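Chemist: Numbering-wise, the sequence shown is residues 1 to 135 according to the UniProt record's numbering.
For every residue, glycine included, the Cβ atom is placed at its ideal position computed from N, Cα and C.
As the structure is a computational prediction, the values presented were derived from the model and not from experiment.
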Amino acid sequence: MDGDIIAIYPGANMMLTTQEINEQHRYIAESDVMLMQLETNIEALTEFIRLGKQENKMIMLNPAPYTKQVTHLLSDIDIITPNETEASFLSGVTITDINDAKKAGNIILQSGVKKVIITLGARGSLLCEHARTLY
């Protein structure tokens, strides 16, 4: 482990409703980029993404803490930023080196995501797009 610790207490975040998301539609319309993570309930997150796509916004997702429920959302995500563990879950590839990370990123791209940025702790980050990979 390179120093990453993820600790959550879901509490109020899981109480967020789709109605509350819809009440914020005007703020979504005024935004350029929508950045989200998985510390809210999946129904509210799905609605947030739907509204963002409806308004042609860039949708960016940090898939933490990872849940399998995120897989049905991937085709609507423009940029996803998993760490090595999350990228392994999303792709089925165990990441031990940069080549594994490239394989994982390319598999995640096949789900419909436009860009994958895998954070690699002290080793930096890997960007995977359909036309190129940068490390």
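I'd like the list of long-range same chain contacts for T119, defined as Cβ closer than 6 Å, with 5 residues on each side in sequence excluded.
Modeler: Result list for T119: N83 and S125, in chain order.
Chemist: Here's a check: name, in chain order, each residue in its chain whose Cβ is nearer than 6 Å to the Cβ of M34, leaving out the five neighbours to either side.
Modeler: Only G52, K57 and I59 meet the Cβ criterion.
Chemist: Is the beta carbon of residue 139 less than 8 Å from the beta carbon of I80?
Modeler: Because the chain is modelled from 1 through 135, residue 139 falls outside the range shown and cannot be assessed.
Chemist: Where does E47 land, buried or exposed, given buried means 16+ other C-beta within 10 angstroms?
Modeler: Looking at its Cβ environment, which holds 16 or more other Cβ atoms inside 10 Å, E47 is buried.
Chemist: When you compare each of G121, A12 and K68 to I98 by their alpha carbons, which one comes out closest?
Modeler: Of G121, A12 and K68, the residue nearest in Cα terms is G121.
Chemist: When you compare the CB positions of D78 and I49, do they come within less than 8 Å of one another, or not?
Modeler: Not in contact: D78 and I49 (Cβ atoms no closer than 8 Å).
Chemist: Closer than 7 Å by C-beta to D100: which residues in its own chain qualify, once you throw out the five before and the five after it? Chain order, please.
Modeler: Hits under 7 Å: V93 and T94.
Chemist: May I have the straight-line CA-CA distance separating M1 from K68, to the nearest angstrom?
Modeler: Bear in mind that a pLDDT of 48 at M1, under 50, signals an unreliable position, so the number given afterwards is only what the model happens to contain. Straight-line Cα distance between these residues: approximately 23 Å.
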